[in-house]
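Structure, as structure tokens:
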Amino acid sequence: MRLIPKTILLAFAGLLCALQACSPYTDAPIRSGEIWPDDRGEHINAHGGGILVHDGTFYWFGEHKGERSSSAFVGVTCYSSKDLVNWKYEGVALSVSDDPESDITRGCTLERPKVIYNKKTGKFVMWFHLELRGRGYSAARAAVAVSDNVTGPYTYIGSGRVNPGIPAENVTDEDLAYVDALEQPLKSWTPEWLEAINRGMYYKRDFEGGQMSRDMTLYVDDDGKAYHIYAAEENLTLNIAELSDDYLSHSGRYIRVAPAGHNEAPAIFKRNGTYWMITSGCTGWDPNAARMFSAPSIWGPWTQHPNPCRGEKSEITYGGQSTFILPVPGKKDLYIFMADIWRPRHPIDARYIWLPIRFEEDGTPYIEWLDEWNIKDN
Ligand code: DGJ
């Protein structure tokens, strides 16, 4: 009997896998808002998080929250999964410091960590929103850490405001002349004040020291360029800033998006060449209506659309606040909208919303609540 050569068998097995025989996804239900136990049976503690897909494994990084406080007493946690349903606790990827002089000393505020992989350097790069201990939300810093291993430990590099002394690409001389001519101070939330913010009043105020950076996400485009998207100007304006080639600093290119629009919690994805960004309004830990923007290029122009959420509780994003959008590898058109249901009085009990994004025929995304759904059938 002639034996089939091993290479042909392997190629055949590969083809079968490609035809989804080896798909990691199952019909295990995803139930938003419920307790999601990890491999130890403990509710996943990775809030305001994001997911990195690396070598066929999902890595979920997020804020560790305690029983009573939202401050960081542990750091950034990491979980891994092959199927997006069963999660293994990988430990603390970035630990807060015991050094009281450290920016990330225990008790600081460390929010919305995101990790990306730099193919050129082979390093994993984490950015997060940092507030210095005891100073409320006034520091408004972007912070960066790096590791050779995806699960860490990550080494803290530093933090600061963003792009000090560097002009945004879409601020005009007319805008600056308008701001210069203002008779200060303007009363907050009046149309004149909003117009002044729109034209760059706070942008200019923060120009020398760098732009404020609070709620944030990261996005790596197909060409390997990475972007840091964050709430600047007292959360009134979003910035999209390009990172340097090693992802460890900013390149200096950035734009202002939705000035005076008061957006936070940005989450972004690209589909068929269009960039879509979902954000929230600013109501602390309380949920509000999601907002949505699109652009033909990361550099804009960004156009606002209606709230993408539909149905009951869509006006409060089903009780959640956006944090990340995951394009699911191996699934043609599956993008998961991820959000946090905050529990400020019992932060560790905060819950997760994961819902599949649907698309109108014209490509406009929308979201509907599902009590349960699974990855395999979507
Ligand atoms: C809403 C933000 O999205 C959260 O990350 C956190 O900063 C809370 N505000 C604090 O009130």
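Each residue of the sequence shown is one higher than the one before, counting from 16 in the working numbering.
We put the CB at the ideal spot given by N, CA and C, even for glycine.
Since the structure is predicted, the reported quantities are computational estimates derived from the model, not experimental observations.
Query, Result
"Mind listing which residues have their beta carbon within less than 6 Å of any non-hydrogen atom of ligand 1? Chain order is fine.", "Gly-63, Glu-126, Arg-127, Asp-230, Glu-279, Ala-280, Gly-299, Trp-300 and Gln-336"
"Quick one, which of Asn-287, Gly-225 and Val-272 has its alpha-carbon nearest Asp-236's?", "Asn-287"
"Is Leu-147 near ligand 3, going by C-beta to nearest heavy atom under 7 Å?", "Among the ligands modelled here, namely ligand 1, ligand 3 does not occur."
"Determine, using beta carbons only, whether Ala-282 and Phe-374 come nearer to each other than 8 Å.", "no"
"Among the residues of its own chain, which have a CB less than 7 Å from the CB of Gly-160, if the five just before and after it don't count?", "Here the sequence assigns Ala to residue 160, which means Gly is not the residue at that position. These residues qualify, in order along the chain: Leu-109, Met-141, Tyr-169, Thr-170, Tyr-171 and Ile-172."
"Could you tell me the alpha carbon to alpha carbon distance between Pro-274 and Thr-41, rounded to whole angstroms?", "43 Å"
"Under 8 Å, do Glu-257 and Ser-266 count as touching if we go by C-beta distance?", "yes"
"Kindly confirm or deny that the segment 139–159 and the segment 180–192 touch, where touching means at least three C-beta pairs closer than 8 Å.", "no"
"For the alpha helix (DSSP H) holding Glu-189, just list the boundary residues, first then last.", "188–195"
"Run through the segment 137–182 for me and flag every whole beta strand (DSSP E) of 3 or more residues, listed as ranges in chain order.", "138–146, 156–162 and 170–175"
"Output the distance between the C-alpha atoms of Lys-219 and Gly-180, rounded to the nearest integer angstrom.", "10 Å"
"Could you check the C-alpha separation between Leu-34 and Lys-347 for me, to the nearest Å?", "Any reading at Leu-34 must be qualified, since the residue scores a pLDDT of 49, below 50, and its modelled position is unreliable; no value is offered."
"Examine the Cβ distances between the segment 57–66 and the segment 107–123 and report whether three or more of them are shorter than 8 Å.", "no"
"Could you give the DSSP three-state label for Pro-206: helix, strand or coil?", "helix"
"If you compare alpha carbons, which of Ala-87, Val-100 and Tyr-262 is closest to Arg-148?", "Ala-87"
"Report all residues from its chain with a CB closer than 7 Å to the CB of Val-68; omit the five preceding and five following residues, and keep chain order.", "Pro-344"
"Evaluate Ile-382 with the Cβ neighbour count: other Cβ atoms within 10 Å of its Cβ, from every protein chain shown; 16 or more gives buried, anything less gives exposed.", "buried"
"Do you know offhand how far Ser-47's Cα is from Glu-223's?", "43 Å"
"Please classify Gln-226 as buried or exposed, where buried requires at least 16 other C-beta atoms within 10 Å of its C-beta.", "buried"
"To the nearest angstrom, how far is it from the Cα of Phe-76 to the Cα of Asp-364?", "17 Å"
"Please work out which residues of its chain come closer than 8 Å, Cβ to Cβ, to Arg-176, disregarding the five sequence neighbours upstream and downstream, and give them in chain order.", "Ala-155, Arg-156, Ala-157, Asp-221, Gly-224, Gly-225, Gln-226, Met-227 and Ser-228"
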